[in-house]
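Chemist: One structure, as structure tokens, below. Some questions next.
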Ligand code: NOJ
């Protein structure tokens with residue numbers, strides 16, 4: 045039988061055939077600072093399945109998918125079935141040598157009524173998962189809310205559109221800290237509040253699917269000009285309230301830290317004209333600063349307040365004080381880059397949404413640009429943007445500690461298990477991360493999205509990000525490592541612990 049090391053040699057020679065640079069091949073965890081965390085992630089709705097088991101009630105995503113809103117008409121009723129397969133998954137993580145696993149808690153599994161008493165079976169499931177991780181030497185890195193609001197709160201008062209959500213969210217986080225906080229070093233309150241608000245209330249592509257013409261076309265209700273700003277306002281107030289609670293009641297004893305996550309876009313001026321350069325800064329302020337500025341400086345970027353006018357809510361003095369400094373770290377999800385072209389004519393348009401308020405246009409191609417050939421064709425993938433972004437955050441936001449909580453490559457459902465494009469993508473972005481760290485960025489960890497193939501929020505099962513392939517046709521939801529899983533394990537120097545049997549099942553070694 046082929047030894048693991050010769051297996052890796054063979055796989056690495058495959059890599060060199062597809063044009064991997066020496067630098068890429070040399071990447072090792074020893075290049076990163078001691079204590080740098082390597083992980084992979086998922087989210088509750090996307091991975092767990094078991095949607096109607098043990099007392100869980102529907103989230104807005106259950107409703108949305110059951111209304112047939114996904115391109116492939118899919119639901120996440122079973123998803124990757126991690127609810128039943130968490131032990132197997134933790135074993136795979138341990139064999140790979142992951143330091144840390146990022147996952148989220150399902151609000152409606154923990155609190156089926158959205159508030160009030162915890163569901164003992166929900167508590168038990170997350171205790172089991174956390175204990176299994178800890179027993180394998182893997183840190184749980186928990187996102188409290190990954191966009192799966194209990195439907196009951198949506199129905200009762202309109203969910204994130206209402207200020208009532210702040211109290212319920214805070215109580216939900218209280219239950220999380222109380223039940224699990226003794227074993228959790230990193231809490232992230234919210235996943236991608238910027239994109240979550242735009243998807244759900246501007247384009248209407250995420251639940252509850254609200255939007256208005258001409259910004260979203262398929263909705264019957266909503267107001268794309270106003271609602272995303274209101275929703276983000278409530279997200280931020282909810283975060284600040286949860287962070288204050290954690291710091292006052294739990295942090296001294298549990299000694300964890302609390303942060304937020306942002307979908308972090310990098311932008312490059314379309315031309316070097318002053319107008320395009322200014323438009324690029326506006327786009328960074330709109331997409332990233334919308335969330336981060338209030339948490340660091342206590343208010344929205346000036347340009348947003350100016351351009352959105354009365355459509356963007358204001359913080360009171362005490363809200364602003366509470367927001368300021370309310371993150372111990374920033375979670376960054378970074379995948380793509382956009383070229384930005386000035387569109388000052390946009391100011392003349394009275395009917396505007398968030399994107400129109402930027403007075404800028406995004407472009408995804410430019411002939412003379414240093415674009416990489418990797419990645420989905422409709423997205424601009426520029427690995428060096430990771431370095432630019434991290435250095436920008438360092439300079440702009442006071443050297444804030446950063447965890448790259450998501451970065452990864454979306455393949456097709458029938459992509460080969462020999463997923464060299466994913467390896468190329470991940471290694472290039474990791475190299476860029478290293479470049480930023482060497483220039484002083486306080487980046488402390490990196491998570492591949494996703495650990496296994498999951499239900500994708502935009503494309504159902506039509507897009508696969510996993511290090512492990514999941515057979516969604518098979519009741520058993522069998523996992524098979526892709527080449528990227530071996531590559532990542534090799535980077536983590538734990539390849540010897542990978543099970544040879546998993547490798548030989550693939551037939552990858554003969555390619
Ligand atoms: C963003 C989201 O956090 C996650 O839910 C999604 O699956 C990935 N990025 C990929 O689109």
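In this note's numbering, the protein residues as written are 45 to 555. Even for Gly, the Cβ is constructed at its ideal location relative to N, Cα and C. On a predicted model such as this, the values are computed, not experimentally measured, just so you know.
#1: Can you give the beta carbon distance from residue 386 to residue 322, rounded, assuming they're within the 8 angstroms contact cut?
#2: Between 162, 521, 351, 88, which lies nearest to residue 216 when the distance is taken from Cα to Cα?
#3: Taking the DSSP output, what are the residues bridged to residue 311?
#4: Would you kindly work out how many angstroms separate the C-alpha atoms of residue 190 and residue 319, rounded to a whole number?
#5: Would you mind giving the Cβ-Cβ distance between residue 287 and residue 370, rounded to the nearest angstrom? I have them listed as a contact below 8 angstroms.
#6: Enumerate, from N- to C-terminal direction, the unbroken alpha helix (DSSP H) stretches of 4 or more residues contained entirely within the stretch 65-129.
#7: Using a 10 Å radius around the Cβ and a threshold of 16 neighbouring Cβ atoms, would you call residue 72 buried or exposed?
#8: Would you please state the rounded distance, in angstroms, between the beta carbons of residue 168 and residue 123? I believe it to be under 8 angstroms.
#9: Do residue 306 and residue 238 count as a contact pair if the criterion is CB distance below 8 angstroms?
#10: Using the Cα positions of residue 256 and residue 353, report the straight-line distance between them to the nearest angstrom.
#11: For residue 315, does the count of other Cβ atoms within 10 angstroms reach 16, so buried, or fall short, so exposed?
#12: With distances taken between CB atoms, is the gap from residue 309 to residue 337 smaller than 8 angstroms?
#13: Any idea which residues DSSP pairs residue 374 with across the strands?
#14: Would you mind listing the alpha helix (DSSP H) stretches within the stretch 139-206 that are 4+ residues and don't spill past its ends, in chain order?
#15: Between the stretch 146-157 and the stretch 530-537, can you find at least three pairs of beta-carbon atoms closer than 8 angstroms?
#16: Between 87, 375, 344, 373, which lies nearest to residue 360 when the distance is taken from Cα to Cα?
#17: Looking only at its chain, what residues have a beta carbon closer than 8 angstroms to the beta carbon of residue 133, apart from the 5 residues adjacent to it on each side?
#18: Considering only C-alpha positions, which residue in the set 498, 156, 74, 75 is nearest to residue 98?
#19: Taking only the alpha-carbon atoms, compute the straight-line gap between residue 66 and residue 493 and give it to the nearest angstrom.
#20: Using DSSP with H/G/I as helix, E/B as strand and the rest coil, what is residue 490?
#21: Sorted by chain position, which residues of the same chain lie with C-beta nearer than 8 angstroms to residue 88's C-beta, five sequence neighbours on each side aside?
#22: Does at least one heavy atom of the ligand NOJ sit under 7 angstroms from the Cβ of residue 332?
#23: Please list, in chain order, all residues of the same chain as residue 137 whose beta carbon is under 8 angstroms from its beta carbon, the five residues on each side excluded.
#24: Please state whether DSSP places residue 363 in a helix, a strand or coil.
#25: Quick check: is any heavy atom of the ligand NOJ less than 7 angstroms from the C-beta of residue 491?
#26: Which residue wins for smallest C-alpha separation from residue 160, given the options 203, 214, 174?
#27: So does residue 433 have its beta carbon nearer than 7 angstroms to some heavy atom of the ligand NOJ?
#28: Taking contact to mean at least 3 C-beta pairs separated by less than 8 angstroms, is the stretch 243-256 in contact with the stretch 102-115?
#29: Any idea which residues DSSP pairs residue 455 with across the strands?
#30: Between residue 459 and the ligand NOJ, is the CB less than 7 angstroms from at least one heavy atom?
#31: With respect to 7 angstroms, is the separation between the Cβ of residue 90 and the closest non-hydrogen atom of the ligand NOJ below this value?
#32: Identify whether residue 517 lies in helix, strand or coil by the three-state DSSP scheme.
#33: Is residue 28 buried or exposed, if buried means 16 or more other CB atoms sit within 10 Å of its CB?
#34: Where does residue 236 sit, in a helix, a strand or coil, going by DSSP?
#35: Please tell me whether residue 197 and residue 212 are closer than 8 angstroms, where the distance is taken between their beta carbons.
Modeler: In terms of the structure at hand:
#1: 7 angstroms
#2: 162
#3: When DSSP reads this structure, residue 311 sits in a beta bridge with 382.
#4: 36 angstroms
#5: In this structure residue 287 is in contact with residue 370, their Cβ atoms being roughly 4 angstroms apart against a cut-off of 8 angstroms.
#6: 66-70, 88-91, 104-110
#7: exposed
#8: Their Cβ separation, rounded to whole angstroms, is 20 angstroms, which puts residue 168 and residue 123 out of contact at 8 angstroms.
#9: yes
#10: 19 angstroms
#11: exposed
#12: no
#13: 304, 446
#14: 151-154, 164-179, 195-201
#15: Counting C-beta pairs with one atom in each stretch, the stretch 530-537 and the stretch 146-157 have fewer than three that are closer than 8 angstroms, which means they do not touch.
#16: 344
#17: 126, 495, 496, 523
#18: 156
#19: Confidence in residue 66 is poor, its pLDDT being 36 and thus under 50, which makes the residue's placement unreliable; the coordinate value appears in the next sentence. One C-alpha to the other measures close to 25 angstroms.
#20: strand
#21: 147, 148, 149, 150, 153, 190, 192
#22: no
#23: 84, 145, 177, 180, 182, 495
#24: helix
#25: no
#26: Looking at the Cα atoms, 214 is the closest of the given residues.
#27: no
#28: At 8 angstroms Cβ cutoff, the stretches touch.
#29: DSSP, once it has assigned bridges, lists 508 as partnering residue 455.
#30: Because no heavy atom of the ligand NOJ lies under 7 angstroms away, the Cβ of residue 459 does not count as near it: no.
#31: In terms of side-chain proximity, the C-beta atom of residue 90 is found nearer than 7 angstroms to a non-hydrogen atom of the ligand NOJ.
#32: coil
#33: Within the shown structure, residues of the chain are numbered from 45 to 555, placing residue 28 beyond reach of any answer.
#34: coil
#35: yes
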